[in-house]
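Going line by line, the protein sequences match chains A and B. Its first residue numbered 2, the first sequence is counted upward by one per residue in this note's numbering. Its first residue numbered 180, the second sequence is counted upward by one per residue in this note's numbering.
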Amino acid sequence: MKKILALLLALVLVLALTACGGSSSSAASSGSTASGSTETASGAALDGSWPAEKVKIGVVAFDTTDESFMGVMDYFHYLEKYYNVEFTVSEAIQSAEHEFQFIDSCASAGCKGIFAYYNIAGAESIKHATDQGLYYWGMAEFYEAVKDDPHFVGGYTFSDPSDPDAKNGDYMGGYELGLAMGNAGLEHIAFCNGGASFGVQMFIDRQQGFLDGVAKAQADGSATRFDPATDVIEGFPGDAYFAAQAAFFSSDYDGVVSSFDAFTWFQPIIDSGKDIKVGCIGTVSETYKAFVDNGTVIALVYDCPEVVFGSGFADLVNAITGHDDLTRGADGNALLNPVKRWTLSGAEDFNKVYEKHITNGEYFITAEEMAGILGGLNEKATTDDVCDLFGKTLEEYLTK
Amino acid sequence: MEKTELRKPAKKLDARLIGNLAPIAGLVLVVIVFAILTKGALLSANNLQALASSVITTAMCTIGAVFVFGAGYFDMSMGGSLCVAAVLGCKTMIATGSFLLGLVVILAVSAVLAIVKGLLASYVNVPFFIFTIILASIFSAVVLVIMGNETIVSLSSAVKDMRSFTFSEISVISVVVLLLFYLFCVAAFNYTPLGIKAKNMGGNIFSARQSGIDTTRTTLTVFLMGALGVSLAAMLLLMRTRTAGATTASTVGTDVMVALVLGGMPLSGGPRSKISAGLIGAVTITVLNSGLAILGLSTGQIQITRGLVFIVVVLVSSLSYRGKLLPR
């Protein structure tokens, strides 16, 4: 009897929870459809009724609580109000097999595309998705292996494809931070290198960029000291990292650069009572605002969600709605959209973005502008239009 | 008086029958509930293929783990063993371009790790699960050392092209290998002295020794059977994802434990251990995960639902195995 009662209880709990999940989801989507309504250049209403058949897109995530990722999803949820599009987000993907399972589940759930904010198995994941007829959009790292796959619709790149000597966005992000901190009149700075010591390429590039940026500032007359042998804090927050952080505060440092977000530095800086400046790769959010406004964060390298990742929406929707020609170049291969990573130097730049995104709930690329590059809503849209919409600096968006 | 004597055996039989059928009923219930909630998407041809591929890692490891857990050894390091074997096997394949040689390395590495665990289990008088938790950490660290500056190794960088399998091909291969391994394990566990000895050890190792069972040899053999499951899982995982890294099989240790409980096996092992628990549990957890993902619930909702299901299953299990559930 006890067993039967326990099983019944479990069943009721599970069914109640899954039912709640389903109903809240549909309520949210129907509510949002009603709230968003505008018109495209062609006169079609953007009221959530286009495309006629709902477009479902799976999103591969590494950490669903990461502020940068949440910023991207906020933008996609904003677009959901205007288009008949629905995003399904993975749990935190931990391994290649989890990534494959999520892609499989997306295919079974009726998704037509995969937006890869994260990719752990590289080209193998892309092939696994396209094998099942899913369109795939992602980072440039695996482009060469899959560029001619008709279901691969491209991705973004921080490099200039027309310049073979151009440095990539991670290098340039590190370089800008090194240069900004080197020119800030600081005496002694440390660098948190994230995954560089573990061989993660993006962090290796950021570290090299930082070293070159500091060297440039020093060559231009900066007296800022930085010794790669003693001033690097390796890895991510953990026992060794926090031990190194404690040593930092007992030394003469007056600046720190983080090749990832700098949340773990803010409270210790307050506790230390020291005037320590921070440069980091981060986001425009409530958390950062207080520390930008009080002058603690003096340089922030920022990936604006709509500028860097917005083309994923356009490319996937174009391909799924039968306009995949807008995702391909003259050679028939998928296109990479060159985008810019912004360096926000100080409170003025930061607050321009903050006001747009957080205060006003607006984006630099609106749903209406997005309609201009969707083949189903604008017959005249070209691949150049797609590139032009995304590849701009903050100043260019502010003055457009 | 006569009436009472007749009723007692009948009640015992009913309880045992219910106990045996409960995991199957649970699986059927999960399938029906999610088939309805997903409007049939769970049982679509595409998803059945996906399920066949997804279940393989957990199923292979769990079926092999029945020997280990059945003999009373609570092993949390199977994921770590799989990761080390897969990475070394993948590196061998990349270096030589030979799938066969990579498979030999996977088998050899798994066997060596199993023997190490078997010797620890036999000769060190400390609760074995503590060892396996530490071993899992050591295995992860070993993989990081082996990987050096790489985060992932891929067969696409092998010295010569290695055949890749389509989604359908890998699904068929997975099902065939799984069925063969399952039948082999059923035969070994139920119809050979190994299974009888393992179950006796899981029931009471002291009485097993006094009954003349060579517990050291049996321990080594059950760990080698577990290693066979790990090897096959690593091989099929490599065929499917063509990559390996420090996070490969990172959740297998927990998945195996949960699958065994869902399959109706007491984690303390003993006479009630059964191979079918490995398969049923692995399929149940895979269907559950797939169904929840297809429903498109948020991460938090999925975790809460899964947690509730597991808690209730453990609760129900504890009603019949109270006092025998803790690992030794």
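By construction, the Cβ of each residue, glycine as well, lies at the ideal position given by its N, Cα and C atoms.
**Asked** Would I121 of chain A count as contacting chain B if we go by Cβ distances under 9 Å?
**Response** The sequence position of residue 121 of chain A within the first sequence is 120, counting from 1. Any Cβ of chain B closer than 9 Å to the Cβ of I121 of chain A would place that residue at the interface, and such an atom is present.
**Item:** Contact list for R419 of chain B against chain A, beta-carbon separation under 7 Å
**Value:** The residue given as residue 419 of chain B occupies position 240 in the second sequence. The answer, in chain order, is F101.
**Proximity of V308 of chain A and F365 of chain A at Cβ, strictly below 9 Å** = As a first step, residue 308 of chain A is located in the first sequence; it is residue number 307 there, counting from the start. As a first step, residue 365 of chain A is located in the first sequence; it is residue number 364 there, counting from the start. F365 of chain A sits close to V308 of chain A, with the two beta carbons spaced by under 9 Å.
**Request:** Please say whether F63 of chain A and Y118 of chain A have beta carbons closer to each other than 9 Å?
**Result:** Against the first sequence, residue 118 of chain A aligns to sequence position 117. Against the first sequence, residue 63 of chain A aligns to sequence position 62. Against a cut-off of 9 Å, the Cβ pair of F63 of chain A and Y118 of chain A comes out as a contact.
**Asked** Tell me which same chain residues have a C-beta within less than 8 Å of the C-beta of F143 of chain A, skipping the five on either side of it?
**Response** Start at 1 with the first residue of the first sequence, and residue 143 of chain A comes out as number 142. The residues are N120, G123, A124 and I127.
**Request:** Can you grab the Cα-Cα spacing for the pair T484 of chain B / S223 of chain A, in whole Å?
**Result:** Position 305 of the second sequence, counted from the start, is the residue given in the question as residue 484 of chain B. Position 222 of the first sequence, counted from the start, is the residue given in the question as residue 223 of chain A. Computed Cα separation, rounded: 57 Å.
**Message:** Run through chain A and tell me which residues come within less than 9 Å of L416 of chain B, C-beta to C-beta.
**Reply:** As a first step, residue 416 of chain B must be located in the second sequence, where it is residue number 237. Within chain A, the residues whose beta carbon sits less than 9 Å from that of L416 of chain B are A97 and E98, listed in sequence order.
**Request:** Take M140 of chain A as the anchor and find which of A:T65, A:H129, A:Q208 and A:V61 has the nearest alpha-carbon.
**Result:** As a first step, residue 140 of chain A must be located in the first sequence, where it is residue number 139. When A:T65, A:H129, A:Q208 and A:V61 are compared, the shortest CA-CA separation from M140 of chain A is found for A:V61.
**Message:** Rounding to the nearest angstrom, what Cα-Cα distance links I242 of chain B and G195 of chain A in this structure?
**Reply:** On the second sequence, position 63 is the one that residue 242 of chain B refers to. On the first sequence, position 194 is the one that residue 195 of chain A refers to. Computed Cα separation, rounded: 39 Å.
**Asked** If you measure from the beta carbon of K168 of chain A to each beta carbon in chain B, is any gap under 9 Å?
**Response** Mapped onto the first sequence, residue 168 of chain A falls at position 167. No - not a single Cβ of chain B is within 9 Å of the one on K168 of chain A.
**Request:** With a 10 Å radius around its C-beta and 16 neighbouring C-beta atoms as the bar for buried, classify A324 of chain A as buried or exposed.
**Result:** For the purposes of this step, residue 324 of chain A is identified with residue 323 of the first sequence, where counting begins at 1. A small correction: the amino acid at residue 324 of chain A is His; Ala does not occupy that position in the sequence shown. A residue is called buried when at least 16 other Cβ atoms come within 10 angstroms of its Cβ; H324 of chain A meets this threshold and is buried.
**Prompt:** Any residues in the segment 425-453 of chain B with a beta carbon nearer than 8 Å to a beta carbon of chain A? Which ones, in chain order?
**Reply:** Within the segment 425-453 of chain B, T426, T427, A428, S429 and T430 place their CB atoms closer than 8 Å to a CB of chain A, listed in sequence order.
**Request:** Please report how far the alpha carbon of V210 of chain B lies from the alpha carbon of L467 of chain B, in whole angstroms.
**Result:** Your numbering for residue 210 of chain B matches position 31 in the second sequence. Your numbering for residue 467 of chain B matches position 288 in the second sequence. Going from the Cα of V210 of chain B to the Cα of L467 of chain B covers about 8 Å.
**Item:** Nearest to I312 of chain B (by Cα), restricted to the options B:G327, B:K296, B:L267 and B:V322
**Value:** By one-based count along the second sequence, residue 312 of chain B stands at place 133. Ranking the options by Cα distance to I312 of chain B, first place goes to B:K296.
**Asked** Do S410 of chain B and Q102 of chain A come within 9 Å of each other at the CB atom, strictly closer than that value?
**Response** By 1-based counting over the first sequence, the position of residue 102 of chain A is 101. By 1-based counting over the second sequence, the position of residue 410 of chain B is 231. Not closer than 9 Å, so no.
**Request:** Please confirm if L221 of chain B has its CB atom under 9 Å from at least one CB of chain A.
**Result:** What you label residue 221 of chain B is simply residue 42 of the second sequence in a count that begins at 1. Yes - at least one Cβ of chain A is within 9 Å of the one on L221 of chain B.
**Asked** Is the beta carbon of T311 of chain B within less than 8 Å of some heavy atom of the ligand MG?
**Response** Looking at this structure, you won't find the ligand MG or any other ligand, since it has none at all.
**Request:** Less than 8 Å between the CB atoms is what I'm expecting for V338 of chain B and G259 of chain B, so what's the real figure, rounded?
**Result:** On the second sequence, residue 338 of chain B is found 159 positions in, with the first residue counted as 1. On the second sequence, residue 259 of chain B is found 80 positions in, with the first residue counted as 1. Actually they are not in contact, since the Cβ atoms of V338 of chain B and G259 of chain B sit about 28 Å apart, beyond 8 Å.
**Request:** With DSSP collapsed to three states, give me the class of H324 of chain A.
**Result:** On the first sequence, residue 324 of chain A is found 323 positions in, with the first residue counted as 1. Three-state result, H324 of chain A: coil.
**Prompt:** Using the C-alpha atoms, what's the distance from T394 of chain B back to S301 of chain B?
**Reply:** Counted from its first residue, the second sequence places residue 301 of chain B at position 122. Counted from its first residue, the second sequence places residue 394 of chain B at position 215. Straight-line Cα distance between these residues: approximately 8 Å.
**C-beta neighbour in chain B for S26 of chain A, strict 9 Å** = Reading the first sequence from its first residue, position 25 is the one you call residue 26 of chain A. At S26 of chain A the pLDDT is 38, less than 50, meaning the model places this residue with poor confidence; the figure from the coordinates comes in the next sentence. Closer than 9 Å: yes.
**At least three beta-carbon pairs within less than 8 Å, the segment 471-491 of chain B to the segment 86-103 of chain A** = Yes, the segment 471-491 of chain B is in contact with the segment 86-103 of chain A.
**Message:** Just to confirm, is the Cβ distance from D254 of chain B to F318 of chain B under 9 Å?
**Reply:** The residue given as residue 254 of chain B occupies position 75 in the second sequence. The residue given as residue 318 of chain B occupies position 139 in the second sequence. F318 of chain B sits away from D254 of chain B, with the two beta carbons spaced by 9 Å or more.
**Prompt:** Would you report the Cα separation of F391 of chain A and T384 of chain A, rounded to the nearest angstrom?
**Reply:** Taking the first residue of the first sequence as position 1, residue 391 of chain A is located at position 390. Taking the first residue of the first sequence as position 1, residue 384 of chain A is located at position 383. For F391 of chain A and T384 of chain A, the distance between alpha carbons rounds to 11 Å.
**Message:** Just checking: is the beta-carbon of T398 of chain B within a distance shorter than 9 Å of some beta-carbon in chain A?
**Reply:** Position 219 of the second sequence, counting from 1, holds the residue named residue 398 of chain B. Closer than 9 Å: no.
**Request:** Return the chain-ordered list of same chain residues with a C-beta closer than 6 Å to the C-beta of S223 of chain B, the five sequence neighbours on each side being excluded.
**Result:** By 1-based counting over the second sequence, the position of residue 223 of chain B is 44. Correct list: empty, nothing qualifies.
**Proximity below 9 Å, CB of A197 of chain A to CB of S260 of chain A** = Indexing the first sequence from 1 puts residue 197 of chain A at position 196. Indexing the first sequence from 1 puts residue 260 of chain A at position 259. A197 of chain A is a Cβ neighbour of S260 of chain A, given a cutoff of 9 Å.
**Request:** Using a Cβ cut-off of 8 Å, pull out every chain B residue sitting near F199 of chain A, in sequence order please.
**Result:** As a first step, residue 199 of chain A is located in the first sequence; it is residue number 198 there, counting from the start. Within chain B, the residues near F199 of chain A are L323, N328 and T330.
**Minimum C-alpha distance to A423 of chain B - residue among B:K270, B:S256 and B:A201** = The residue labelled residue 423 of chain B in the question sits at position 244 within the second sequence. Ranked by Cα distance from A423 of chain B, the first of B:K270, B:S256 and B:A201 is B:K270.
**Asked** If you follow the beta strand (DSSP E) that A117 of chain A is part of, which residue opens it and which one closes it?
**Response** Mapped onto the first sequence, residue 117 of chain A falls at position 116. Counting along the chain, the beta strand (DSSP E) containing A117 of chain A begins and ends at G114 to A117.
**Item:** G373 of chain A to V73 of chain A span [Cα, whole Å]
**Value:** The count along the first sequence starts at 1 and reaches residue 373 of chain A at position 372. The count along the first sequence starts at 1 and reaches residue 73 of chain A at position 72. Using only the alpha carbons, I get a separation of about 20 Å.
**Item:** Host beta strand (DSSP E) of G243 of chain B (start-end)
**Value:** Taking the first residue of the second sequence as position 1, residue 243 of chain B is located at position 64. Premise fails: G243 of chain B lies in the alpha helix (DSSP H), A224 to G249, not in any beta strand (DSSP E).
**Message:** Can you give me the C-alpha to C-alpha distance between A167 of chain A and D262 of chain A, rounded to a whole angstrom?
**Reply:** By 1-based counting over the first sequence, the position of residue 167 of chain A is 166. By 1-based counting over the first sequence, the position of residue 262 of chain A is 261. So the alpha carbons of these two residues sit roughly 25 Å apart.
**Message:** Quick check on W51 of chain A: does DSSP put it in helix, strand or coil?
**Reply:** For the purposes of this step, residue 51 of chain A is taken as residue 50 along the first sequence, with counting starting at 1. Three-state DSSP puts W51 of chain A in coil, outside helix and strand.
**Asked** Is the CB of V356 of chain B under 9 Å away from at least one CB in chain A?
**Response** As a first step, residue 356 of chain B is located in the second sequence; it is residue number 177 there, counting from the start. Chain A contact via Cβ: absent.
**Message:** At the level of alpha carbons, what is the spacing between N334 of chain A and D161 of chain A?
**Reply:** The count along the first sequence starts at 1 and reaches residue 334 of chain A at position 333. The count along the first sequence starts at 1 and reaches residue 161 of chain A at position 160. The alpha-carbon atoms of N334 of chain A and D161 of chain A are separated by roughly 17 Å.
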